[in-house]
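Under our numbering, read the sequence shown as residues 223 to 407, first letter to last.
Note that CB positions come from ideal geometry on N, CA and C, so glycine has one too.
To start, the structure under review is shown below, and the notes come after it.
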Amino acid sequence: MNYDTSLQTWKWRYLNNGYLGVSLIVDGKELGLSSNYMLDKLWTKPKDGENFSVQDARMYTAFEEGLRTIRMLNEDQIMQLAINAVACQRFVLINPPASQHFATCYKRHLIKTGDIVTVYTKMGTVGDCLVLEARDGENLSRLMLLNKVLYVKENKGFRLCDMIRINSDFVHPSRFVKQRNRLYA
223 MNYDTSLQTW KWRYLNNGYL GVSLIVDGKE LGLSSNYMLD KLWTKPKDGE NFSVQDARMY
283 TAFEEGLRTI RMLNEDQIMQ LAINAVACQR FVLINPPASQ HFATCYKRHL IKTGDIVTVY
343 TKMGTVGDCL VLEARDGENL SRLMLLNKVL YVKENKGFRL CDMIRINSDF VHPSRFVKQR
403 NRLYA
């Protein structure tokens, strides 16, 4: 597939099913993709038909590059997750910190936007995440869950594409991505 990468052809859309979506031009035809975020649940909303901004494009590129390192995703999955990541970072209500549910990483490492990381809960479950922001204003890492579900305690958890905010000391190197050229503190 040939994607038109000019910013004027990627637009945020309000879909009939109540979700935020993106329309883009593929092989000369318009393609619509749905995000995992309902419009009424968003903290802020783009205007319907608003073009992708330069900031959106930069985030999309960083997220897409990180997702490619997993090597288990096809092009459509990468695109869908990267669009969800941009929407999550820009429009989703910022969740309260959830550090109390996660296990500490004893070997500090540097993370950056777009990295794939792993988190371990205190109840023994494991989740894989995309780094949306290495450190926000409260010195917490913003992550987007890449698994279908991650339980942190009985009947409480996160779902695919949910934002997780935790202390960066609880963020582990990915269990799937080879850790080459990593700087460890």
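Extent of the continuous alpha helix (DSSP H) to which residue i belongs
| i | result |
| --- | --- |
| arginine 312 | 297-313 |
| glycine 288 | 276-290 |
Where residue i sits in the DSSP three-state scheme
| i | result |
| --- | --- |
| leucine 332 | coil |
| serine 257 | strand |
| serine 363 | strand |
| proline 395 | strand |
| asparagine 224 | Confidence at asparagine 224 is low in this model, with a pLDDT of 47, below 50, so the placement of that residue is unreliable and no value is reported for it. |
| aspartate 262 | helix |
| glutamate 272 | coil |
Contact with chain B by residue i, beta-carbon distance below 8 Å
| i | result |
| --- | --- |
| asparagine 389 | The chain labelled as chain B is not found in the depicted structure, where only one protein chain is given. |
CB of residue i within 8 Å of CB of residue j, strictly
| i | j | result |
| --- | --- | --- |
| threonine 335 | alanine 356 | yes |
| phenylalanine 392 | cysteine 327 | yes |
| serine 363 | serine 390 | yes |
| histidine 323 | lysine 269 | no |
N- and C-terminal bounds of the beta strand (DSSP E) containing residue i
| i | result |
| --- | --- |
| glycine 359 | Counting along the chain, glycine 359 falls outside any beta strand (DSSP E), and DSSP gives it neither H nor E. |
| threonine 340 | 338-342 |
| glycine 240 | Premise fails: glycine 240 is in no beta strand (DSSP E) and is neither H nor E. |
| leucine 372 | 371-375 |
| tryptophan 234 | 233-236 |
| isoleucine 388 | 385-389 |
| glycine 379 | 378-381 |
heavy atom of the ligand FAD below 7 Å from residue i C-beta
| i | result |
| --- | --- |
| glycine 243 | Within the structure as shown, the ligand FAD is missing, as the structure has no ligands at all. |
Is the region 249-268 touching the region 340-357 in the sense that three or more CB pairs, one from each, lie closer than 8 Å?
-> no
Does the region 230-246 touch the region 267-277, meaning 3 or more C-beta pairs lie closer than 8 Å?
-> yes
Check whether the region 304-322 touches the region 251-263, taking contact to mean three or more Cβ pairs, one atom from each stretch, closer than 8 Å.
-> yes
Indicate whether the contact test is met: 3 or more Cβ pairs, each with one atom in the region 382-393 and one in the region 310-317, closer than 8 Å.
-> Taking one beta carbon from each stretch, the region 382-393 and the region 310-317 have 3 or more pairs nearer than 8 Å; the two touch.
So does the region 315-333 actually touch the region 279-291, counting three or more Cβ pairs closer than 8 Å?
-> no
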